[in-house]
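What follows is a short report on a single structure.
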Amino acid sequence: KKRNPHQPEFVQAVQEVAEDIFDFMADKEEYHSQQILRRIAEPDRVVSFRVCWEDDAGNIRVQRGWRVQNNNAIGPYKGGIRFHPSVTESVLKFLAFEQTFKNALTGLPMGGGKGGSNFNPKGKSVREIMRFCQSFMTELYRHIGADVDVPAGDIGVGGREIGYMFGQYKRITNEFTGVLTGKGLEWGGSLIRTEATGYGAVYFLANMLATRGMDLVGKTAVISGSGNVATHAAEKIVQLGGKVLTLSDSGGFIHDPDGITQDKIEWVKTHKTHRRGRIEEYVEAFPKATFHAGKTPWGVPCDVALPCATQNELLGEDARTLVANGCIAVSEGANMPTDLDGVHTFKHARLLYAPGKASNAGGVAVSGLEMSQNSARRSWHEDELQQMLKDIMAGIHARCEEYGRQGDYIDYVKGANIAGFKKVADAMLAFGVV
Ligand code: NDP
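Residues 17 to 450 in full-length UniProt numbering are what the sequence shown spells out, letter by letter.
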C-alpha cells in the first residue's frame with residue numbers, strides 16, 4: 017500500500033496472492049532472501065504514452081495508453097488490451113500481475129502483461145475506432161514483438177480492433193509475425209480462440225462439480241455480462257445440459273425464467289456485438305423475461321454462478337446471498353470479479369469457488385496455441401484445439417488441487433496462487449538477481 021498509495025485494484029490483487037503465498041513460503045528460505053514476491057509485484061516496466069486521434073467532426077482528441085510488462089521469466093509478456101473509460105494504471109497493473117500467474121498455470125511458456133487505454137469505444141463510429149487503434153499501435157509497436165510481448169483483446173477490444181492494430185503494426189514494421197493474438201482466421205488466427213475463455217470457464221466448472229460427483233445437467237446458472245466471455249459461457253452451459261437464467265451489462269440484468277437458449281444467445285451476440293445494443297432490449301424480443309435496471313443478477317436463486325463482466329462486480333453481500341440461496345459453485349469468467357469480502361465468504365462456506373486466474377485461463381491458453389501455430393506456420397483443426405483446451409483446463413484444475421486440497425475441500429484460490437507463483441518464482445531463482 018505504501019509503495020502504491022493510489023492503486024487500490026493493484027493492492028487488492030497483490031494482497032489476495034500474498035495471503036496464500038506467505039504460508040507456502042514459510043519454510044522456503046530462498047524465496048524470502050531473494051525477495052521473490054516483492055520482485056513479482058514490481059512490474060518489469062510500465063510504458064505510458066499519448067494517443068492522439070481525430071474524430072469524425074475533425075476535433076483532435078488526446079487519450080492515454082499503457083502497456084504493463086509485468087514479468088517475462090517463463091516466456092514473452094502476454095496479455096490483453098482493454099479500451100474502457102475505467103482503465104487506469106492501477107487496473108492494468110492488477111491485470112498484468114494476475115496474468116502472470118494465470119499464464120504460468122496454463123503450462124504454456126508465456127509471461128504476464130496487460131495494456132489499454134481510457135478510450136471509450138461506445139458511440140464511436142467504425143472509422144473513429146480504426147483511427148484510434150492505428151494511433152495506439154503507432155506508439156505500442158516499438159515495445160512489442162512475437163518473441164517480446166504479444167498482446168490480445170480484452171474488454172472493448174475484439175477481432176475488429178485486433179485487425180486494425182495488426183494492420184498498422186504490419187504497415188510500420190513490414191513484418192508479418194504473430195505479434196498479436198485473436199487474429200482473423202484468414203490472417204493467422206486460431207479456431208476457437210473467440211469461444212475459449214467462456215468455454216474454458218465452464219469446463220473448469222464441470223471439473224469442480226465432478227469432484228463432488230455432479231455435472232451440469234439440469235443445473236440453473238446465473239451469468240453476468242453479455243460480451244464475449246458471458247455469451248460463450250452461456251453457450252457451453254446450454255450444450256452441457258444446464259439452464260441459463262440471466263445475462264447483464266452495465267445498464268442492469270435480464271432474467272429469463274424459461275432459460276436463455278442457443279437461439280436467444282445468438283440474438284444477444286448479434287445485438288450486443290454487431291449492433292452495439294443494450295441488454296435491456298432483450299425483453300422486447302423475449303417478453304417473458306424481465307429487466308432489472310442498475311442491478312447485478314446475484315439475487316436470482318441458482319445452482320451455479322459465473323461472473324463474466326468486470327472486476328469487483330460481486331461483493332461480499334452478493335456472495336452471502338448466493339450462499340444463502342443454495343448456490344453450489346462459482347466459476348469466474350471475468351478477472352477479479354469478486355471482492356476480497358466475497359472471496360472470504362465463498363471460502364468460509366466451502367463453496368466450489370474458482371478464481372479467474374484459474375477458470376478464465378482458457379482464452380490465453382488458446383492464444384498460446386495461436387502463437388505456436390504462427391511460429392510453425394500451420395493451423396490445427398477445431399477438434400484438436402477443443403481437446404487441447406479441455407486438457408489444459410483439466411491440467412489447471414489438477415494443479416489447483418495439488419496445492420489447494422485440504423482434506424475433502426479444495427481451496428482453488430490458494431491452489432492457483434501457489435502453483436502459478438512457484439513456477440514463475442523458480443524460474444526467477446534460476447536467473448539470479450536480475
Ligand atoms: P466484452 O467487452 O466482450 O464484454 C464485457 C461485458 O461486461 C459487457 O457486457 C459489458 O457491458 C460488461 N461490463 C464491462 N464493464 C462493466 C462495468 N464497469 N460494469 C458493469 N458491466 C460491465 O469483454 P469480455 O467478455 O472479453 O471480458 C469480460 C471479462 O472477462 C473481463 O474481466 C476480461 O478481463 C475477462 N477476460 C476476457 C478474456 C477474453 O478472452 N476475452 C480472457 C480472460 C478474461 P457494457 O456493454 O454495458 O459495457
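Where a beta carbon is used, it is the ideal one built from N, C-alpha and C, also for glycine.
Residues of its chain near residue i, where Cβ-Cβ distance is below 7 Å and the 5 sequence neighbours each way are ignored
{"i": "Gly204", "result": "Gly194 and Asn390"}
{"i": "Ile178", "result": "Gly169, Leu196, Gly198 and Lys199"}
{"i": "Asp36", "result": "Val429, Lys430, Asn433 and Ile434"}
{"i": "Thr122", "result": "Ala377, Val380, Ala381, Gly384, Ile408 and Ile412"}
{"i": "Lys311", "result": "Gly268 and Phe269"}
{"i": "Lys252", "result": "Gly214, Tyr215 and Val218"}
{"i": "Gly358", "result": "Leu330, Leu331, Gly332, Asp334 and Ala335"}
{"i": "Ala301", "result": "Trp283"}
{"i": "Asn20", "result": "Phe26 and Val27"}
{"i": "Phe192", "result": "Lys186"}
{"i": "His48", "result": "Met41"}
{"i": "Ala120", "result": "Ile90, Gly436, Lys439 and Val440"}
Residue from the options with nearest C-alpha to residue i
{"i": "Gly268", "options": "Tyr180, Leu256, Gly216 and Tyr298", "result": "Tyr298"}
{"i": "Glu58", "options": "Asp357, Gly81 and Asn86", "result": "Asn86"}
{"i": "Pro353", "options": "Ala365, Ala301, Lys373 and Asp39", "result": "Lys373"}
{"i": "Phe135", "options": "Asp265, Val173, Asp165 and Val238", "result": "Val173"}
{"i": "residue 453", "options": "Tyr47, Glu105 and Gly81", "result": "The question about residue 453 has no answer, for the chain in this structure spans 17 to 450."}
{"i": "Lys118", "options": "Asp442, Leu53, Lys406 and Pro371", "result": "Pro371"}
{"i": "Gly342", "options": "Ile145, Arg292 and Ala237", "result": "Ala237"}
{"i": "Asn75", "options": "Glu144, Asn190, Gly175 and Leu405", "result": "Glu144"}
{"i": "Gly159", "options": "His48, Asp60 and Glu45", "result": "First, the residue type needs correcting, since residue 159 is His and not Gly in the sequence shown. Comparing Cα-Cα distances from His159 to each of His48, Asp60 and Glu45, the minimum goes to Asp60."}
{"i": "Ser206", "options": "Gln402, Lys235, Lys438 and Ala410", "result": "Gln402"}
{"i": "Leu124", "options": "Gly448, Ile188 and Leu405", "result": "Leu405"}
{"i": "Lys235", "options": "Val346, Thr210, Gln184 and Glu155", "result": "Val346"}
{"i": "Glu202", "options": "Phe182, Pro101 and Thr286", "result": "Phe182"}
{"i": "Tyr369", "options": "Asp272, Asn223, Glu296 and Asp274", "result": "Asn223"}
{"i": "Lys438", "options": "Thr247, His248, Phe38 and Gln31", "result": "Phe38"}
{"i": "Gly91", "options": "Gly161, Ile295, Thr361 and Glu398", "result": "Gly161"}
{"i": "His397", "options": "Arg292, Ala112, Lys259 and Ile208", "result": "Ile208"}
{"i": "Gln111", "options": "Arg80, Ser266, Ala29 and Glu296", "result": "The sequence as given places Leu at residue 111; Gln does not occur at that position. It is Ala29."}
{"i": "Glu155", "options": "Asn190, Arg80, Phe447 and Gly139", "result": "Arg80"}
{"i": "residue 455", "options": "Gln31, Ser375 and Lys44", "result": "Here the chain has residues from 17 to 450 only, and residue 455 is not among them."}
{"i": "Lys44", "options": "Thr289, Cys318 and Asp442", "result": "Asp442"}
Contact check, residue i vs residue j, beta carbons under 9 Å
{"i": "Val33", "j": "Lys17", "result": "no"}
{"i": "Val103", "j": "Gly132", "result": "yes"}
{"i": "Gly349", "j": "Val245", "result": "yes"}
{"i": "Val440", "j": "Ala212", "result": "no"}
{"i": "Lys109", "j": "Val78", "result": "no"}
{"i": "Val166", "j": "Met387", "result": "yes"}
{"i": "Thr116", "j": "Gly436", "result": "yes"}
{"i": "Ile52", "j": "Leu445", "result": "yes"}
{"i": "Asn328", "j": "Glu114", "result": "no"}
{"i": "Ile344", "j": "Met230", "result": "yes"}
{"i": "Gly243", "j": "Thr210", "result": "no"}
{"i": "Ile281", "j": "Ala325", "result": "no"}
{"i": "Ile171", "j": "Phe99", "result": "yes"}
{"i": "Tyr157", "j": "Tyr185", "result": "yes"}
{"i": "His271", "j": "Val320", "result": "no"}
Contacting residues, own chain, Cβ-Cβ under 6 Å from residue i (five flanking each side not counted)
{"i": "Gly257", "result": "Leu232 and Val233"}
{"i": "Ile426", "result": "Glu417 and Gly420"}
{"i": "Pro313", "result": "Val238, Ser240, Thr262, Ser264 and Phe269"}
{"i": "Ser395", "result": "Gln389"}
{"i": "Gln278", "result": "Val254"}
{"i": "His287", "result": "Gly293"}
{"i": "Lys259", "result": "Thr236 and Gly275"}
{"i": "His248", "result": "Glu211, Gly214 and Tyr215"}
{"i": "Pro101", "result": "Asn134 and Asn136"}
Buried versus exposed call for residue i [16 or more other C-beta atoms within 10 Å across all chains shown]
{"i": "Leu225", "result": "buried"}
{"i": "residue 453", "result": "No answer is possible for residue 453: it lies beyond the span of the chain, which begins at 17 and ends at 450."}
{"i": "Ser141", "result": "exposed"}
{"i": "Val450", "result": "exposed"}
{"i": "Arg147", "result": "buried"}
{"i": "Glu400", "result": "exposed"}
{"i": "Pro137", "result": "buried"}
{"i": "Arg415", "result": "buried"}
{"i": "Gly127", "result": "buried"}
{"i": "Gln23", "result": "buried"}
{"i": "Asp355", "result": "buried"}
{"i": "Ala340", "result": "exposed"}
{"i": "Ala392", "result": "exposed"}
Sequence-distant residues of the same chain with beta carbon closer than 8 Å to residue i, five excluded per side
{"i": "Trp82", "result": "Val62, Val63, Ser64, Phe65, Val103, Glu105, Leu108, Gly131, Gly132 and Ser133"}
{"i": "Gly423", "result": "none"}
{"i": "Thr337", "result": "Trp314 and Gly315"}
{"i": "Gln31", "result": "Leu356"}
Review point. Touch check for the region 61-72 and the region 89-104: three-plus C-beta pairs under 8 Å?
Key: In the pairwise beta carbon analysis, the region 61-72 is classified as not touching the region 89-104: fewer than three pairs are separated by under 8 Å.
Discussion item. Can you confirm whether the region 137-155 touches the region 304-315 when touching is taken to mean that 3 or more C-beta pairs between the two stretches lie within less than 8 Å?
Written reply: no
* Given 8 Å as the limit, is there contact between the region 217-224 and the region 355-365, that is, 3 or more CB pairs closer than that? -> no
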